[in-house]
Amino acid sequence: MDSLRLTDLSPVHAAAVSRLSALAGGNRTVDDWRFLLARGTGVGMVDADGAPVAAATALPYGRFAWIGPAPVAPDWRGQGIAALLAAEVVRRQEAAGRAPGLDATVDGRRACRRAGFRDLYRLGYYRAEAVSPPPESAEPPDSGRPRVRRLAAADLEAVSLMDRRLFGADRLELLHHLRRRQPQAAFAAFRDGRLSGYVLARDGREAVQVGPLAATGDDVARALAAAALGAVRGPVRIDVADARRGLIEWLQASGFVLQWPLVRMVRSRKAGFGDPALLYATAGPDLG
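Each residue of the sequence shown is one higher than the last, beginning at 18 in the numbering used here.
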């Protein structure tokens, strides 16, 4: 590791770090890395030729910051580089007065707990190679079912207010970014003329990531998931809160399989920032 040096990363590194992430099996695209490195903190290890061999990011959200997974090139794994970079971005965010949050795998959770992170709630990463949503029941239009329509740019202010309640911070810029990435898979749900949920998605290197998905009830969540999944092609990933058994059972009936569990964690606090009562699926481990 003596031949490596620590460096700050910027959007000019996005393509190189994206290639590194692909070697590590990550789902992030160049667009993801550009967004993260333009709006957050990126640190990396580079070799003697200046090529990144590891990278870590933190995306600030007001009082807290989201720490993303840290990819490491295959030849440099097992030497503690990911932990070193994660510690560096955590240190910088805490120095700026932000509490770090992240999604950890089962193995990663052990290291995070040793580093002072606390569990908030559990998630599951579900994946389908092809999606076949079960048919919705044939209820009359006035039965109280939510009305789902394509999410317009003009809807994002109202969506942002609901999202702020869920997440605990203003993510309006991220919501705009996600809608631009997959406009055909962005939907809002309304009941009695009031917003009752929303879903967005983004293209990934090897699977479309659906989320965030927020809803006031299981029926709204299923309707939004059906709309989004009907608008995308190919493999799909969604990270669902474990408490949402109704949506999970619906997803499993649609062809989704649990890949591995995740734990949402926070450091320097005893509780999270938002209200998970609305949360069905997150934006993913890199965005929060």
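Backbone N, C-alpha and C fix where the C-beta goes; we use that ideal spot for every residue, glycine too.
Of the listed residues the options, nearest to residue i (C-alpha basis)
i	options	result
A270	Y143, D120, D209	Y143
A55	T74, S38, R22	T74
A90	H194, A99, A238	A99
M179	D64, G251, D292	D292
A203	G234, A245, D187	A245
A116	R284, L296, A128	R284
V187	F290, T58, G59	Note on residue identity: the sequence assigns Asp, not Val, to residue 187. Comparing Cα positions, the closest option is F290.
A232	G57, F81, R211	R211
L189	M62, V176, R250	V176
L40	L140, G133, P88, L21	P88
L96	L192, V274, G57, D19	Before going on, a small fix: residue 96 reads as Gln here, not Leu. The option with the nearest alpha carbon to Q96 is D19.
Residues that DSSP places opposite residue i in a beta bridge
i	result
P117	A82
V237	None, per the DSSP bridge assignment.
W277	Y142
R208	R211
L230	V216, A298
M62	L23, A71
D256	Y142
L76	W83
F134	R284
V148	V148 is not bridged to any residue.
V249	Answer by DSSP bridge pairing: none, since V249 is not bridged.
Enclosing beta strand (DSSP E) for residue i [first to last residue]
i	result
S213	211 to 219
R167	164 to 167
Boundaries (first-last residue) of the alpha helix (DSSP H) holding residue i
i	result
M18	Element bounds for M18: n/a, residue is neither H nor E.
V107	98 to 112
D124	123 to 131
V176	173 to 184
A310	Nothing in the structure corresponds to residue 310, since the chain is present only between 18 and 305.
G263	262 to 270
D303	Careful: D303 lies outside any alpha helix (DSSP H) and carries neither H nor E.
F290	Careful: F290 lies outside any alpha helix (DSSP H) and carries neither H nor E.
R56	47 to 56
R188	Element bounds for R188: n/a, residue is neither H nor E.
Spatial neighbours of residue i in its chain, beta-carbon cut-off 6 Å, leaving aside the 5 residues before and after
i	result
A155	Caution is warranted here: a pLDDT of 45 is assigned to A155, below 50, making its placement in the model unreliable, and no coordinate value can be reported.
S27	L54
R126	V280
D48	none
V70	M62, D64, A90, W93
Beta-carbon proximity list for residue i, same chain, < 7 Å, skipping 5 on both sides
i	result
F52	H194
D235	G263, L264
G272	A145, A147, V148, S149
Residues of its chain near residue i, where Cβ-Cβ distance is below 8 Å and the 5 sequence neighbours each way are ignored
i	result
G161	R208
**Message:** Contact between the region 121 to 137 and the region 277 to 284 is defined here as three or more beta-carbon pairs at a separation below 8 Å; is this criterion met?
**Reply:** The region 121 to 137 is in contact with the region 277 to 284.
**Message:** With three or more beta-carbon pairs closer than 8 Å as the criterion, would you say the region 297 to 305 touches the region 219 to 234?
**Reply:** Segments in contact, yes.
**Message:** So, does the region 203 to 215 touch the region 158 to 174, judging by three or more C-beta pairs under 8 Å?
**Reply:** Segments in contact, yes.
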